[in-house]
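One line per chain: the protein sequences are A and B, in this order.
Under the working numbering, the first residue of the first sequence is numbered 9, with each subsequent residue one higher.
Under the working numbering, the first residue of the second sequence is numbered 9, with each subsequent residue one higher.
Built from N, CA and C at the ideal position, the CB exists for glycine as well.
Have a look at the structure below, then the notes.
Protein chains: 2
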Amino acid sequence: MDNVDYKILEYLKANSRTKASTISKEIHLSVSAVIERIHKLETSGIIKNYTVVLDESKIGNDTSALMEVSLDHPKFYESFTRAIKENKNINFCYYLTGDFDFMLKILCKSSEDLEKIHNNIKNLEGVSKTKTYYILKSVKD
Amino acid sequence: MDNVDYKILEYLKANSRTKASTISKEIHLSVSAVIERIHKLETSGIIKNYTVVLDESKIGNDTSALMEVSLDHPKFYESFTRAIKENKNINFCYYLTGDFDFMLKILCKSSEDLEKIHNNIKNLEGVSKTKTYYILKSVKD
DNA sequence: CGTGAAATTATATAAGT
DNA sequence: ACTTATATAATTTCACG
Chain A
9 MDNVDYKILE YLKANSRTKA STISKEIHLS VSAVIERIHK LETSGIIKNY
59 TVVLDESKIG NDTSALMEVS LDHPKFYESF TRAIKENKNI NFCYYLTGDF
109 DFMLKILCKS SEDLEKIHNN IKNLEGVSKT KTYYILKSVK D
Chain B
9 MDNVDYKILE YLKANSRTKA STISKEIHLS VSAVIERIHK LETSGIIKNY
59 TVVLDESKIG NDTSALMEVS LDHPKFYESF TRAIKENKNI NFCYYLTGDF
109 DFMLKILCKS SEDLEKIHNN IKNLEGVSKT KTYYILKSVK D
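Given below as structure tokens:
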């Protein structure tokens with residue numbers, strides 16, 4: 009990971025479909041060298057994946073919320089996190105220090121949808137306390 | 009946005025550098041048609057961007073936290089959100105209903121780094137109350 | 001909307017510095 | 001590690017169903 013790798017990552021972060029030939033011109037390195045470096049970033053695991061950023065509201069996902077969750081006992085950690093990972097309406101989930109155990113984000117089509125998802129999570133084994141905040145606006149994402 | 013578009017998006021979500029020729033074989037549609045549909049998804053804004061998912065810990069970003077922020081008055085919204093958008097260590101920021109106004113995520117190299125970023129945010133104009141939670145583990149992201 | 005073929009670009013491979 | 005040259009493969013363009 010030298011400075012050249014960082015520059016390549018900056019181009020890929022801005023647009024992961026940027027052609028190696030474009031990056032090559034920008035950073036004054038041969039196309040082969042750029043591709044070789046990208047492959048190394050991939051195989052070393054620094055690049056985990058390439059993905060697409062969607063305008064969720066344009067495909068009907070207009071409702072989102074943050075949810076705090078606490079578990080009764082650490083023994084429920086495995087089953088809880090498994091359920092979270094499987095739930096397609098949950099974007100992220102972090103395990104935290106402090107007043108509660110997890111913070112997760114829900115993204116869905118409607119408030120009725122949100123209610124269902126919310127209830128599903130509340131009813132997972134070991135879930136004791138929850139608190140939910142509607143997202144009014146995504147300032148940055 | 010028909011079912012074919014959804015399928016294409018699923019492939020691109022899983023790997024945005026998937027070749028149109030690969031998708032073509034999977035969904036039994038000509039390469040040209042796949043590319044045409046992708047272009048339409050791009051120009052319509054459904055696809056906002058292509059990006060790369062990095063293993064942040066492998067590039068030294070080992071520390072992350074969630075931070076709740078409240079503002080004294082709505083008049084500080086513009087300047088606050090501008091500062092948030094400019095801060096490269098802030099991954100997301102949501103404007104919420106409830107006990108506080110914003111929830112944001114900080115990603116950085118160390119706890120000393122976190123302390124600085126945390127203080128910068130606390131000292132932004134209009135910031136009244138904050139509360140910070142260390143992220144122990146990213147269960148899902 | 002979709003297909004298929006030709007033209008253009010990109011990527012992969014390999015040999016040399 | 002980088003470069004150049006060549007081979008293979010992908011994308012773009014366009015005429016047509």
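- Interface flag for V42 of chain B against chain A is unset, since no Cβ pair is found closer than 8 Å.
- For V147 of chain B, a Cβ of chain A is located within less than 8 Å of the residue's own Cβ.
- The straight-line gap separating the alpha-carbon atoms of I114 of chain B and T105 of chain A is approximately 15 Å.
- For E76 of chain A, the uninterrupted beta strand (DSSP E) run begins and ends at 71 to 79, by DSSP.
- Residue-level contact check: D63 of chain A touches chain B, since one or more beta carbons of chain B fall below 8 Å from its beta carbon.
- Here I54 of chain B carries a coil assignment [DSSP, helix/strand/coil].
- By the rule that beta-carbons nearer than 8 Å mark a contact, K21 of chain A touches chain B.
- By the C-beta criterion, the stretch 72 to 86 of chain A is judged not to be in contact with the stretch 121 to 133 of chain B, since fewer than 3 inter-stretch pairs fall below 8 Å.
- One thing to note: K66 of chain A has its Cβ no nearer than 8 Å to the Cβ of I16 of chain B.
- Of all alpha-carbon atoms in B:D107, B:H126, B:R45, B:E123, the one lying nearest the alpha-carbon of L74 of chain A is that of B:D107.
- The stretch 18 to 28 of chain A makes contact with the stretch 57 to 65 of chain B; the number of CB pairs closer than 8 Å reaches 3 or more.
- I43 of chain B and V12 of chain B have their alpha carbons spaced roughly 12 Å apart.
- A direct Cα-Cα distance of roughly 14 Å separates K148 of chain A from L62 of chain A.
- Per the C-alpha coordinates, the member of A:I31, A:T89, A:S52 positioned closest to K145 of chain B is A:T89.
- For K15 of chain B, the uninterrupted alpha helix (DSSP H) segment begins and ends at 11 to 22.
- For K56 of chain A, the chain B residues whose C-beta falls within less than 7 Å of its own C-beta are V61, L62, D63, listed in chain order.
- Proximity of chain B to G106 of chain A at the Cβ level (cut-off 7 Å) is accounted for by Y141, in chain order.
- T89, I92, K93, I98, F100, C101, Y102, Y103, L104, T105, G106: these are the residues of the stretch 83 to 108 of chain B whose beta carbon lies less than 7 Å from some beta carbon of chain A, given in chain order.
- For S38 of chain B, the three-state secondary structure derived from DSSP is coil.
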